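*Asks:* Provided herewith is a single structure, encoded as structure tokens, for subsequent inquiry.
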Amino acid sequence: MNVAPVRAERVFITGASSGIGAALAREYAARGARLGLLARRRELLEELAASLPHPERHRLYAADVTDRAALAAAAADFLSASGGTDIVIACAGISHGTLTERPADLAVFDAVFATNVNATVATFAPFIAAMKQQDGARRLVGIGSVAGIRGMRGAGAYCASKAAVHSYCESLRVELRGSGIEVVTIAPGYIDTPMTRNNRFPMPFLMPAERFAAQAVNVIARGASYRVLPWQMGVVAKLLRLLPNALFDRLFARAPTKQRATDDQGRP
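And the structure:
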């Protein structure tokens, strides 16, 4: 694929060791960006960095996004080493099926919200003051999901967490209006990643992670406030949103569910 070169942007990505995060890292590196890559597994980060053009440009941070002190330290290091940051992408996320009636799943709800919602806030927070002082385009990017548009059976934690990401990014967009920082929300449909390969149901319009990343980088460059990728899932999402509740409930009451993180006895 021919890639149009861009200015050497400074891009910080969480959840960078696999899936969408790794695909975005590869796409930005191919376009000449300087990267800060954060994920829990250092060995995977090192493998990714070694595969990128000019690996010496990139900084690696082995940390859990739920560790706010580690996130803040990584942000401070990247800002200092790079002289600023142009794009911050909160990409880390987890997905598990949940049933509210199962006591063991309450801890799963906590974990999903800690990673998908609270860590998005904690990822952006250390960068905002410095980014306000910079010139040029600056972007904070939240990775939501079409799952955040309507609640699906057996996916209460994941759907609710992604709905929260959408609303939070919208609030932040208004909050930062006039600051020079634009907030972009991207809602992926079904993207071929290790996370979606565990799904036990058909996934319409399944998109390769590399194609998603190429399109997402262009959306971010344009500063679009909200975009569903692929576009076909955007159409589906709008139709789902328009369905009356009674019809939606009838259609999806027996839909296949995500695999739960706990078994029937409640053991992790």
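For what it's worth, the UniProt record's numbering labels the leading residue of the sequence shown as 1, then goes sequentially.
We treat Cβ as the ideally placed atom computed from N, Cα and C, and that holds for glycine.
Nothing here was measured: the structure is a model prediction, and the numbers come from that model.
1. Compute the beta-carbon to beta-carbon distance between A74 and I94, rounded to the nearest angstrom, for a pair I have assumed lies under 8 Å.
2. Tell me which residues share the same chain as G36 and place their Cβ nearer than 6 Å to its Cβ, disregarding the 5 neighbours each side in the sequence.
3. Take the Cβ of D86 as the centre, count every other Cβ of all protein chains shown within 10 Å, and call the residue buried at 16 or more, exposed below.
4. Apart from the five residues just before and just after G223, which ones in its own chain have a Cβ nearer than 8 Å to its Cβ?
5. Give, in chain order, every unbroken run of the beta strand (DSSP E) that is at least 3 residues long and sits entirely within the stretch 61-125.
6. Between L38 and T14, is the Cβ-Cβ spacing less than 8 Å?
7. Using a 10 Å radius around the Cβ and a threshold of 16 neighbouring Cβ atoms, would you call T98 buried or exposed?
8. Along the chain, where does the alpha helix (DSSP H) that runs through Y226 open and close?
9. Does the separation of the CB atoms of L52 and S17 fall below 8 Å?
10. On the CB-based measure, 16 or more other CB atoms within 10 Å of its CB, does R10 come out buried or exposed?
11. Give me whichever residues DSSP pairs with R36 in a beta bridge.
12. Whole angstroms are fine: how far does the CA of N118 sit from the CA of F205?
13. Mind checking whether A213 and E46 have CB atoms under 8 Å apart?
*Replies:* Once the coordinates are examined:
1. Here residue 74 corresponds to residue number 74 of the sequence shown, with the count starting at 1. Here residue 94 corresponds to residue number 94 of the sequence shown, with the count starting at 1. At roughly 19 Å, the Cβ-Cβ gap does not stay under 8 Å, so A74 and I94 are not in contact.
2. Position 36 of the sequence shown, counted from the first residue, corresponds to residue 36. Hits under 6 Å: F12, R59, F78.
3. Within the sequence shown, numbered from 1, the residue matching residue 86 stands at position 86. By the neighbour-count definition (other C-beta atoms within 10 Å, threshold 16), D86 is a buried residue.
4. In the sequence shown, the residue the question calls residue 223 occupies position 223. Here the set comprises A137, R139, E182, V184.
5. 87-90
6. Translated into positions along the sequence shown, residue 38 becomes position 38. Translated into positions along the sequence shown, residue 14 becomes position 14. Yes, they are a contact pair.
7. Locating residue 98 in the sequence shown gives position 98, where the first residue counts as 1. That one is buried.
8. Translated into positions along the sequence shown, residue 226 becomes position 226. Where Y226 is concerned, there is no enclosing alpha helix (DSSP H), although the beta strand (DSSP E) it sits in stretches over 226-229.
9. Counting from one through the sequence shown, the residue named residue 52 turns up at place 52. Counting from one through the sequence shown, the residue named residue 17 turns up at place 17. Not a contact, by the Cβ cut-off of 8 Å.
10. For this step, residue 10 is matched to residue 10 along the sequence shown. By the beta-carbon neighbour count (other beta carbons within 10 angstroms, threshold 16), R10 is buried.
11. Counted from its first residue, the sequence shown places residue 36 at position 36. The amino acid occupying residue 36 in the given sequence is Gly; Arg does not appear at that position. F12, R59, per the DSSP bridge assignment.
12. As a working note, residue 205 is residue 205 in the sequence shown. As a working note, residue 118 is residue 118 in the sequence shown. Taking the straight line from one Cα to the other gives about 29 Å.
13. Taking the first residue of the sequence shown as position 1, residue 213 is located at position 213. Taking the first residue of the sequence shown as position 1, residue 46 is located at position 46. For the 8 Å CB-CB criterion, A213 and E46 do not form a contact.
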